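Since the structure comes first, as C-alpha cells, the remarks are kept for the end.
Residue numbers (the working numbering): 5 to 329.
Structure, rendered in C-alpha cells:
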C-alpha cells in the first residue's frame, strides 16, 4: 500500500510538472518573440540565446549536482541523451506538425557548430584510443577547452546580433517591457520547476521499477530535462515562429555540450561511461542528417517525411539502449 501511495504521488508530480512546462514554454516563447520585436533583433538570435539557454537550465541543474556527487553516468547520459532527443524526437515531432523552413545562417553556421560540438566531445571521450591514455576521463583542462569553444559561439552570437535586422513575423504581439520581463521570468521559473518535478517524479517511478541508473540518465532524466525544449519548440512551431523553434534546438545542443559539459568537467573530472561512443555516433549522424536534409528540396526546409525518418531513428535508438540496459 505504501509503494502504491508513493507511485501515485510521483505521478501527480509528473502531471503538475508537465502543466508547468506547457504554460512556462507558452509564456517564454511569447516573451522572447516580443523581446525580439522590441529590440529589432531577429527571432533566430533570440531562439539561439534566451530561449535555448533558458530551456537548457534543467540540464545545467542536473549536471551541477551530478558533478558535485561525482556521478559521471548521469552527467554524460543527461547531456548526450538530451541532445539526441532534441535532434531526433523534438525536431521530428515539430517537423511532423509543420514543415520547418530553416534560415541560410542556420544551415551554414549553427548546424555545423552543433556538429563540431559532438565531434569535440567524442574526441575528448576517446583518449585511450586516440592518445593511448590510461583511461577515458573528461579532465578539468577538457572542461576549460569546452568553455573556450562556448566563448567562440557567444562571440558569433554577438556579431549576429550587431548585424541582424528584425525578421520577426507581423503576427508577434507587442508588449510593454514590464510584461515581457514577467513572461520571460515567470516562464523560465515555470520551466525549471516543471522540469525538476517531472524528472524527480519520473526517476522515482523508474527506480521503483528496478531500472538501472545509467539507463535512467540517458532516457528518463534526459527526456525530462528536454521537456522544456519539446514544449517550447512545438509551441513556437504552432505559432509559426520557426526561427525560435530551430534556434532553440541548435542553441540548446551547443549550450549543453560546450557550456554544461564544460562546467561539469571543470567542477569535477568525469569518467566517460563505457559504450557512450554508440550514443555519440547516433548524435553525430542525426546532426549531419539534418544538414543533408537542407538540400533535398528547392528551399532549406525540413519536410514531414524527413521528420518521420528522425522519429523512426529515435524509436530504434531507444529500443537499442533499453536492450543495452
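Just so you know, even glycine gets a beta-carbon here, dropped at the ideal spot from N, CA and C. Predicted, not measured: the structure shown is a model, and the values here were computed from it.
Selected residue, minimal CA-CA separation from residue i, among the options
i: residue 309; options: 97, 202 and 149; result: 97
i: residue 187; options: 28, 10 and 13; result: 28
i: residue 274; options: 71, 10 and 114; result: 71
i: residue 291; options: 116, 82, 101 and 153; result: 116
i: residue 110; options: 325, 323, 82 and 306; result: 306
i: residue 264; options: 124, 189, 227 and 79; result: 79
i: residue 161; options: 53, 227, 40 and 82; result: 53
i: residue 104; options: 152, 248, 286 and 287; result: 248
i: residue 37; options: 84, 280, 246 and 119; result: 246
i: residue 84; options: 26, 204, 23 and 124; result: 124
i: residue 254; options: 144, 140 and 157; result: 157
i: residue 218; options: 190, 82 and 106; result: 82
i: residue 89; options: 47, 288, 164 and 151; result: 288
i: residue 12; options: 24, 212 and 142; result: 212
i: residue 23; options: 251, 191 and 106; result: 191
i: residue 326; options: 297, 283 and 293; result: 283
i: residue 64; options: 43, 50, 240 and 86; result: 86
i: residue 133; options: 50, 281, 150 and 107; result: 281
i: residue 139; options: 129, 147 and 146; result: 129
i: residue 318; options: 108, 286, 144 and 44; result: 286
i: residue 146; options: 126, 250, 45 and 228; result: 126
i: residue 21; options: 159, 202 and 93; result: 202
i: residue 165; options: 328, 49, 295 and 316; result: 49
i: residue 252; options: 76, 106 and 75; result: 106
i: residue 272; options: 328, 239, 214 and 148; result: 148
i: residue 243; options: 102, 95 and 76; result: 102
i: residue 94; options: 277, 278 and 240; result: 240
i: residue 120; options: 154, 76, 142 and 163; result: 154
i: residue 99; options: 141, 276, 77 and 250; result: 250
i: residue 66; options: 204, 278, 159 and 108; result: 204
i: residue 77; options: 293, 277 and 51; result: 277
i: residue 279; options: 142, 74 and 328; result: 328
Boundaries (first-last residue) of the alpha helix (DSSP H) holding residue i
i: residue 327; result: 308-328
i: residue 221; result: No alpha helix (DSSP H) holds residue 221; DSSP gives it neither H nor E.
i: residue 251; result: 246-258
i: residue 63; result: 61-72
i: residue 282; result: 280-297
i: residue 187; result: 181-212
i: residue 85; result: 76-88
i: residue 236; result: 226-242
i: residue 113; result: Where residue 113 is concerned, there is no enclosing alpha helix (DSSP H), given that its DSSP letter is neither H nor E.
i: residue 216; result: Segment: none, residue 216 is in no alpha helix (DSSP H) and carries neither H nor E.
i: residue 46; result: Neither: residue 46 is in no alpha helix (DSSP H) and is coded neither H nor E.
i: residue 52; result: Taken as a continuous stretch (DSSP letters only), residue 52 belongs to no alpha helix (DSSP H), as it is neither H nor E.
i: residue 133; result: 131-134
Cβ neighbour criterion (16 or more within 10 Å) applied to residue i
i: residue 167; result: exposed
i: residue 91; result: buried
i: residue 10; result: exposed
i: residue 312; result: exposed
i: residue 8; result: exposed
i: residue 194; result: buried
i: residue 178; result: exposed
i: residue 181; result: exposed
i: residue 297; result: buried
i: residue 314; result: buried
i: residue 47; result: buried
i: residue 41; result: buried
i: residue 114; result: buried
i: residue 185; result: exposed
i: residue 152; result: exposed
i: residue 43; result: exposed
i: residue 45; result: buried
i: residue 189; result: exposed
i: residue 237; result: buried
i: residue 316; result: exposed
i: residue 214; result: exposed
i: residue 228; result: buried
i: residue 216; result: exposed
Residue i - partner residues in DSSP beta bridges
i: residue 305; result: 105
i: residue 141; result: 275
Check: residue i C-beta below 7 Å from any heavy atom of the ligand ZN
i: residue 86; result: Although the ligand ZN was asked about, the structure shown includes no ligands whatsoever.
Min CB distance residue i to chain D below 8 Å
i: residue 247; result: This model lacks chain D altogether, as it is built from one protein chain only.
> Taking three-plus beta-carbon pairs below 8 Å as touching, is the region 230-238 in contact with the region 186-206?
Replying inline: yes
> Is the region 256-266 in contact with the region 293-306, if contact means three or more CB pairs nearer than 8 Å?
Replying inline: no
>> With three or more C-beta pairs closer than 8 Å as the rule, is the region 29-39 touching the region 51-59?
In response: yes
>> Does the region 12-25 come into contact with the region 204-224, if we say contact requires no fewer than three beta-carbon pairs (one atom in each stretch) closer than 8 Å?
In response: yes
> How about the region 316-329 and the region 218-225: do they share at least three Cβ pairs that are nearer than 8 Å?
Replying inline: yes
> Does the count of Cβ pairs from the region 62-70 and the region 266-280 closer than 8 Å reach three?
Replying inline: yes
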